[in-house]
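To start, the structure under review is shown below, and the notes come after it.
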Amino acid sequence: MSDSDREVKAPAAREGEKSSGFCEAFRALATAAPLSDRLGISSAKGSGVMLKPGTIEVNGGQCATEIAGVMFANPAQAVAAAGPIPDAATRNACKLCAPLGACVVFSGLAGCVPFLHGSQGCATYIRRYLISHFREPVDIGSSSFSEEETVFGGARNLQAGLANIARQYHPASIGVATTCLAETIGEDVPRILEAFTRSAEATAPPLIHVSTPSYAGTHMDGFHAAVLSVVQRFAKVAPQHGGINLLPGFVSPEDLRHLKELMEALGLSATLLPDYSDTLDGQTWSEYQRIQAGGTTLEAITQMPGARATFEFGRALATKPRTAASWLEKQFNVPRVRLGLPIGLRETDGFFGELERVSGKRFPDPFYVERGRLIDAMVDGHKYLFGKRAALYGDADLVVGLVSFLDEIGIQPVLCATGARLRSADIPVRSNVELGQDDGNPISPLEDEHCRGQECPRSQPGGFETLLREVVTDADTSGWVVLEGADHAQIAERARRLKTDLLLGSSKGYPVARELGVPLVRVGFPIHDRIGGQRVLHLGYRGAQRLLDQIVNTLLERRQDDSGVGYSYL
Numbered sequence: 001m002s003d004s005d006r007e008v009k010a011p012a013a014r015e016g017e018k019s020s021g022f023c024e025a026f027r028a029l030a031t032a033a034p035l036s037d038r039l040g041i042s043s044a045k046g047s048g049v050m051l052k053p054g055t056i057e058v059n060g061g062q063c064a065t066e067i068a069g070v071m072f073a074n075p076a077q078a079v080a081a082a083g084p085i086p087d088a089a090t091r092n093a094c095k096l097c098a099p100l101g102a103c104v105v106f107s108g109l110a111g112c113v114p115f116l117h118g119s120q121g122c123a124t125y126i127r128r129y130l131i132s133h134f135r136e137p138v139d140i141g142s143s144s145f146s147e148e149e150t151v152f153g154g155a156r157n158l159q160a161g162l163a164n165i166a167r168q169y170h171p172a173s174i175g176v177a178t179t180c181l182a183e184t185i186g187e188d189v190p191r192i193l194e195a196f197t198r199s200a201e202a203t204a205p206p207l208i209h210v211s212t213p214s215y216a217g218t219h220m221d222g223f224h225a226a227v228l229s230v231v232q233r234f235a236k237v238a239p240q241h242g243g244i245n246l247l248p249g250f251v252s253p254e255d256l257r258h259l260k261e262l263m264e265a266l267g268l269s270a271t272l273l274p275d276y277s278d279t280l281d282g283q284t285w286s287e288y289q290r291i292q293a294g295g296t297t298l299e300a301i302t303q304m305p306g307a308r309a310t311f312e313f314g315r316a317l318a319t320k321p322r323t324a325a326s327w328l329e330k331q332f333n334v335p336r337v338r339l340g341l342p343i344g345l346r347e348t349d350g351f352f353g354e355l356e357r358v359s360g361k362r363f364p365d366p367f368y369v370e371r372g373r374l375i376d377a378m379v380d381g382h383k384y385l386f387g388k389r390a391a392l393y394g395d396a397d398l399v400v401g402l403v404s405f406l407d408e409i410g411i412q413p414v415l416c417a418t419g420a421r422l423r424s425a426d427i428p429v430r431s432n433v434e435l436g437q438d439d440g441n442p443i444s445p446l447e448d449e450h451c452r453g454q455e456c457p458r459s460q461p462g463g464f465e466t467l468l469r470e471v472v473t474d475a476d477t478s479g480w481v482v483l484e485g486a487d488h489a490q491i492a493e494r495a496r497r498l499k500t501d502l503l504l505g506s507s508k509g510y511p512v513a514r515e516l517g518v519p520l521v522r523v524g525f526p527i528h529d530r531i532g533g534q535r536v537l538h539l540g541y542r543g544a545q546r547l548l549d550q551i552v553n554t555l556l557e558r559r560q561d562d563s564g565v566g567y568s569y570l
């Protein structure tokens with residue numbers, strides 16, 4: 001990849017249509033009837049026929065509308081659709097492509113270059129999303145499939161691309177994630193990588209492979225699958241040491257920096273995987289660096305089996321058959337400590353308590369002063385927050401953590417939505433749990449490599465609500481709406497009926513917030529319409545304090561703006 005190739009020009013709308021809904025359509029491609037037959041339209045060359053009807057996102061935010069299977073980029077006026085949109089269609093998905101999550105993980109490894117095996121549009125789409133959120137340069141290699149590779153396979157392109165990356169970047173490792181196209185044609189990527197390593201001999205850097213077709217999972221599935229692949233690739237039998245492994249999930253660089261501060265204050269050595277606190281939120285440079293400094297070193301990963309425990313954030317990971325922490329526990333007897341994201345008072349108390357138990361040490365007093373200050377702020381803001389109604393959407397673990405926090409400060413969660421489909425837990429499913437969409441996919445091969453080539457246990461509704469109920473103690477949940485596998489069109493439809501006072505989620509929810517005239521508190525990923533998304537602190541007492549202030553002040557600002565009197569005292 002030359003310097004001139006690094007900044008790839010955004011593809012045309014047809015090539016860049018890389019939403020999760022678009023990727024899901026590959027599953028039915030081989031058996032579906034011709035699209036022109038099903039839609040009753042001409043399939044002449046250049047008609048711009050799409051695989052699924054609906055409104056999609058192209059080129060990182062420019063909208064295009066499809067009417068009866070024909071693509072119209074930003075039409076000047078609405079055109080009547082040819083019939084209702086099928087329930088299975090994804091309209092502005094509340095999730096992102098699985099390889100995006102893998103690229104974030106690889107960006108958190110020291111000296112690692114992410115590489116996508118598939119079309120160039122996939123790499124361009126993911127680079128666009130990451131750059132717009134983190135405001136940092138992101139290089140992602142691509143095997144750049146053309147029509148020929150789609151038919152005959154992309155082994156030659158993959159090996160040539162890896163050789164170029166190795167020659168020009170001199171990386172410590174290369175993370176190779178597959179895309180929908182490579183998975184659909186059945187590329188044997190492990191065999192190709194093995195052949196490349198043999199041919200390159202000593203010049204080949206360590207290669208990490210993870211299977212990430214987006215029709216089988218979300219960006220969070222890709223993230224956790226990549227973490228598992230990294231650990232399986234490098235972890236070896238190691239002598240016991242006094243440190244811990246910390247697997248925080250997809251959180252912000254600011255969250256990672258705070259976690260490292262906590263470990264340092266406790267005097268506890270920790271291997272943070274991944275660590276993109278510097279690589280995706282770094283300093284200014286005097287000269288361009290092809291690979292950002294920072295990240296988890298491969299040497300540290302090799303020592304993970306000698307840790308006294310592995311801390312793993314994410315209640316939703318309980319629904320996964322295998323994670324990096326469970327693998328370390330099974331292979332090397334490293335105890336697994338599974339916690340929810342430490343957002344708010346209760347979840348942070350649990351995290352602090354487990355750290356003190358495992359380390360045998362107590363946190364310094366300043367951190368408990370932060371806790372007391374948070375409680376005082378909760379009392380101060382209670383009169384502005386109690387009884388407010390909120391809609392939340394995003395990654396399942398983030399929504400669960402936010403619901404726990406809202407429950408503590410008196411806000412009623414009336415809508416909780418995620419684009420993921422989680423395995424059902426053991427408690428009965430309530431009738432008000434709805435599936436946003438169900439295309440009949442089995443459990444993702446991202447979750448269990450043994451699912452390949454055979455039918456796996458089906459994803460069922462109810463797991464998401466089970467996780468939510470684990471963290472709610474005070475809020476009235478009798479009338480709430482819980483959506484799994486939802487898209488933003490379905491979220492908007494429910495939010496219109498529920499008369500919410502505010503929304504919490506990514507910037508993708510701004511259109512519905514604007515339509516409803518309610519404020520949006522931006523959290524999570526992606527935040528594309530504000531500066532500083534990479535510096536939003538969600539975790540710990542300090543993160544809860546900032547989030548509380550932001551929520552209260554957002555509601556107060558709306559109250560002032562809606563008042564006919566320009567008062568300045570509340």
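All residue numbers in the sequence shown are consecutive under this note's numbering, ending with 570. Glycine residues also receive a C-beta, built at the ideal position from the N, C-alpha and C atoms. Predicted model, so just to flag it, every value in this text is computed and none were measured.
At the C-beta level, residue 327 and residue 232 come within 8 Å of one another.
The straight-line gap separating the alpha-carbon atoms of residue 503 and residue 152 is approximately 47 Å.
From the listed residues 402, 235, 252 and 552, the smallest Cα separation to residue 282 is found for 252. The C-alpha of residue 484 is placed about 8 Å away from the C-alpha of residue 422.
Separation of the CB atoms of residue 509 and residue 274 is rounded to 26 Å, and the pair is thereby denied contact status at 8 Å. The Cβ atoms of residue 277 and residue 256 lie closer than 8 Å to each other. 8 Å or more divides the Cβ of residue 223 from the Cβ of residue 298.
In the DSSP annotation of this structure, the continuous segment of the alpha helix (DSSP H) that includes residue 553 starts and ends at 540–562.
Its chain contains 392, 413, 416, 468, 471 and 472 as the residues whose beta carbon lies nearer than 7 Å to that of residue 403, once the 5 sequence neighbours on both sides are disregarded; these appear in chain order.
Taking 8 Å as the cut-off, the beta carbon of residue 268 is found no closer than this to the beta carbon of residue 259. Nearest to residue 95 by C-alpha distance, out of 128, 488, 374 and 563, is 488. Annotation: residue 296 to residue 172 spans about 11 Å, alpha carbon to alpha carbon. Under the DSSP assignment, residue 157 falls in the alpha helix (DSSP H) whose first and last residues are 155–169. Each residue's CA atom was taken as its position, placing residue 92 and residue 333 some 43 Å apart. In this structure, residue 162 sits away from residue 140, with a CB-CB distance that is not shorter than 8 Å. Your pair residue 120 and residue 144 checks out as a contact, with CB atoms roughly 4 Å apart and the cut at 8 Å. Ranked by Cα distance from residue 142, the options 114, 150 and 358 are led by 114. For residue 366, the enclosing alpha helix (DSSP H) has its first and last residue at 365–385. Within the DSSP secondary-structure output, residue 487 pairs in a beta bridge with 93.
The C-beta distance from residue 106 to residue 182 rounds to 17 Å, too long to meet the 8 Å contact threshold.
Per DSSP, reduced to three states, the secondary structure at residue 175 is strand. Relative to residue 304, the option among 389, 166, 204 and 237 whose CA is nearest is 237. Around the beta carbon of residue 203, fewer than 16 other beta carbons sit within 10 angstroms, so the residue counts as exposed.
By the criterion of a C-beta distance shorter than 6 Å, residue 213 is surrounded in its chain by 180 and 183, once the five residues flanking it on both sides are discounted. Taking the Cα positions, residue 132 is about 9 Å away from residue 531. If you ignore the 5 residues before and after residue 196, its C-beta comes within less than 7 Å of the C-beta of 159, 162 and 204, all in its own chain and listed in chain order. Residue 218 and residue 523 have their C-alpha atoms spaced approximately 18 Å apart. For residue 510, DSSP assigns no beta-bridge partner whatsoever. Residue range 412–417 is occupied by the beta strand (DSSP E) that includes residue 412. As summarised for the segment 303–342, the continuous beta strand (DSSP E) elements at least 3 residues long and confined to that stretch are 310–313 and 336–339, given in chain order. Rounded to whole angstroms, residue 192 and residue 337 show a C-alpha spacing of 36 Å. Only buried fits residue 541, as 16 or more other CB atoms lie within 10 angstroms of its CB. A Cβ-Cβ distance of about 20 Å is found for the pair residue 406 and residue 420, leaving them out of contact under the 8 Å criterion.
Between the alpha carbons of residue 475 and residue 409 lies a gap of roughly 10 Å. Taking C-beta atoms as the reference points, residue 401 and residue 343 count as a pair closer than 8 Å.
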